[in-house]
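To start, the structure under review is shown below, and the notes come after it.
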Amino acid sequence: MLHLVNKSPFERNTLEACLKRAPKGSSILLYEDAVYAALQGTTLSAAMTQAAKTHDIYVLTPDLTARGLDGASILEGVRPVDYDRFVDLTADKGTVQSWL
Amino acid sequence: MKYAILVNEGPFNHQASDSAYQFCKHALQKGHEVLRVFFYYDGVLNGTKHSAPQADDRNIVKRWSQLGKDYHLDLAVCVAAGLRRGITEEVVAPGFRITGLGQLVEAGIDADRTIVFGD
Amino acid sequence: MSAESDNSAEPKVKRFMYVNRKAPHGTVYALEVLEMVLISAMFEQDVHIAFLDDGVFQVKKGQNPAVLEMKDFSKTYRALEGYGIEKVFIEKESMEERGLSADDLIIPVEVIGREELGALMESMDVVLSA
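Chains as they are written, first to last, in my numbering: chain A, 1 to 100; chain B, 1001 to 1119; chain C, 2001 to 2130.
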């Protein structure tokens, strides 16, 4: 299963809601404002690094670029993907659930 | 893959419609099929021909119409949600059509993947 | 009524889940999800509804949005069973966090643990959220 999260974890709880329920081994794509969850040096970095050990976590690069985060340090274990790869993920990982 | 896409939000207030558009464009370019893009909740506002953004901004409605034309997409606007928000046959942009909510369920049944873009 | 075209061999039955995470009235999502659920009942699919996080407030007893001249759709949840929609789940942890118990709810629902809900979501073909 592929979980989609699109809100900043500093503003909304959708990432937290997803992580609480997504079984180990499932995939999570951070896009739109959720890309802020993929950054190093935030108060959430430790928790996210931990989450990346139990889940496959991806971050959408065009949403990083749009936000001036092109060269930003992404957490270890979080994989940057473009839109083509986003499409591949939806095909490869089974049912898609959006956490809204 | 056959995709059904649900757009929950209107243009401009949220990125949902932009993201749905980018996803569809890339999926179609890769040779996937988009069975239907269904606009529900405030998403129905993506279907108004009266949207007139400033020239230096993207025209979200026209962009959907163009993608619809290029790939023969079914751009389906929910009738009940549309009526609530003043989106009727008289105001829908080229390529969009007004239809029942059942068409979303139908698309979900027929598609390999259903993807929701919302807020 | 069937969603199938006339000559298909087997009717497709998919596992649908409607995920409700938002409280009612403050936004329109709860009402319009409910409309979606009722329509889906006509397609003879395997329909599931889940209430979690603030979504649990959607099925709280005693709602009276009429006082704000807003629509009271909470009664409609009672009609779900009549539409053949019986797989209605509420997350135990979400209820507890918000001081609710099964007695506070407008309809009988199956109380499900967080982990179990995650596994149930994983088993779906289509997940619709708002």
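C-beta atoms are modelled at their ideal positions from N, C-alpha and C, and glycine is treated no differently.
Straight-line gap, residue i to residue j (C-alpha atoms, nearest Å)
i                   : j                   : result
Ser-2089 of chain C : Ala-2023 of chain C : In the sequence on display, residue 2089 of chain C carries Phe and not Ser. Computed Cα separation, rounded: 16 Å.
Asp-2006 of chain C : Ser-1019 of chain B : Because Asp-2006 of chain C sits at a pLDDT of 49, beneath the cut-off of 50, its placement in the model cannot be relied upon, and the point is left open.
Tyr-1041 of chain B : Leu-2120 of chain C : 26 Å
Ile-1098 of chain B : Ala-1004 of chain B : 17 Å
Met-2001 of chain C : Glu-2081 of chain C : Because the pLDDT of Met-2001 of chain C is 42, which lies under 50, any placement of that residue in the model is unreliable, and the question is left without a value.
Gly-1031 of chain B : Pro-2011 of chain C : 27 Å
Arg-2098 of chain C : Leu-1104 of chain B : 33 Å
Thr-1088 of chain B : Val-1079 of chain B : 7 Å
Val-1092 of chain B : Asp-1119 of chain B : 23 Å
His-1014 of chain B : Phe-1117 of chain B : 10 Å
His-2025 of chain C : Pro-2108 of chain C : 21 Å
Val-5 of chain A    : Asp-2125 of chain C : 19 Å
Leu-2034 of chain C : Arg-1084 of chain B : 15 Å
Gln-2045 of chain C : Thr-1114 of chain B : 15 Å
Ile-2106 of chain C : Gly-77 of chain A   : 44 Å
Ala-37 of chain A   : Ser-45 of chain A   : 7 Å
Ile-28 of chain A   : Ser-2074 of chain C : 33 Å
Ala-2003 of chain C : Asp-1112 of chain B : Only weak support exists for where Ala-2003 of chain C lies, its pLDDT of 45 falling under 50; the coordinates are left without a value.
Gly-94 of chain A   : Glu-2069 of chain C : 43 Å
Gln-50 of chain A   : Leu-1035 of chain B : 38 Å
Ala-47 of chain A   : Leu-15 of chain A   : 11 Å
Ala-72 of chain A   : Glu-11 of chain A   : 20 Å
Ala-1076 of chain B : Val-1037 of chain B : 6 Å
Met-1 of chain A    : His-55 of chain A   : 11 Å
Opposing strand residues paired with residue i [DSSP bridges]
i                   : result
Trp-99 of chain A   : A:Val-5
Ile-74 of chain A   : A:Leu-39
Phe-1117 of chain B : B:Val-1007
Ala-1076 of chain B : B:Phe-1038 and B:Arg-1097
Leu-2128 of chain C : C:Tyr-2018
Val-1968 of chain C : Because chain C in this structure spans residues 2001 to 2130, residue 1968 of chain C falls outside the shown range and cannot be described.
Tyr-58 of chain A   : A:Leu-29 and A:Arg-79
Val-2013 of chain C : Val-2013 of chain C pairs with nothing; no bridge assigned.
Beta strand (DSSP E) segment containing residue i, residue limits
i                   : result
Ile-1005 of chain B : 1002 to 1007
Ala-2050 of chain C : 2046 to 2051
Pro-80 of chain A   : 78 to 81
Ser-27 of chain A   : 27 to 30
Val-2056 of chain C : Run containing Val-2056 of chain C: none; DSSP gives neither H nor E here.
Pick from the options that is closest to residue i, judged by C-alpha positions
i                   : options                                           : result
Pro-1094 of chain B : B:Cys-1078, B:Phe-1012 and B:His-1050             : B:His-1050
His-1026 of chain B : A:Arg-85, A:Gln-50 and A:Ala-17                   : A:Arg-85
Gly-2118 of chain C : A:Leu-15, A:Lys-20, A:Thr-42 and A:Leu-2          : A:Lys-20
Pro-9 of chain A    : A:Thr-43, A:Thr-54 and A:Ser-98                   : A:Thr-43
Phe-1012 of chain B : B:Phe-1023, B:Val-1061 and B:Gln-1022             : B:Val-1061
Ser-2094 of chain C : C:Asn-2064, C:Phe-2016 and C:Ile-2112             : C:Ile-2112
Thr-2133 of chain C : C:Tyr-2077, C:Leu-2100, C:Lys-2087 and C:Gln-2058 : This structure leaves residue 2133 of chain C out entirely; chain C is present only between 2001 and 2130.
Leu-75 of chain A   : A:Thr-65, A:Gly-68 and A:Tyr-58                   : A:Tyr-58
Tyr-2077 of chain C : C:Leu-2128, C:Val-2013, C:Ser-2123 and C:Leu-2038 : C:Leu-2038
Ser-2129 of chain C : B:Tyr-1021, B:Met-1001 and B:Asn-1008             : B:Asn-1008
Lys-972 of chain B  : B:Gly-1082, B:Val-1044 and B:Phe-1096             : There is simply no residue 972 of chain B to check, as chain B begins at 1001 and stops at 1119 in what is shown.
Residue i, enclosing alpha helix (DSSP H) - first and last residue
i                   : result
Leu-2038 of chain C : 2029 to 2040
Ile-1060 of chain B : 1060 to 1071
Ser-45 of chain A   : 45 to 54
Thr-61 of chain A   : 61 to 66
Thr-14 of chain A   : 14 to 21
Ala-1080 of chain B : 1079 to 1084
Ile-963 of chain B  : Only positions 1001 to 1119 of chain B appear in the structure, and residue 963 of chain B is not among them; the question remains open.
Practice problem: Any chance you could list the alpha helix (DSSP H) runs of at least 4 consecutive residues sitting entirely within the stretch 1007 to 1051 of chain B, in chain order? | Solution: Taking 4 residues as the minimum length, the alpha helix (DSSP H) runs contained wholly in the stretch 1007 to 1051 of chain B are 1016 to 1029, in order along the chain.
Quiz item: Which runs of the beta strand (DSSP E), 3 residues or longer, sit entirely within the stretch 2094 to 2122 of chain C?
Solution: Complete beta strand (DSSP E) runs here, min 3: 2110 to 2112.
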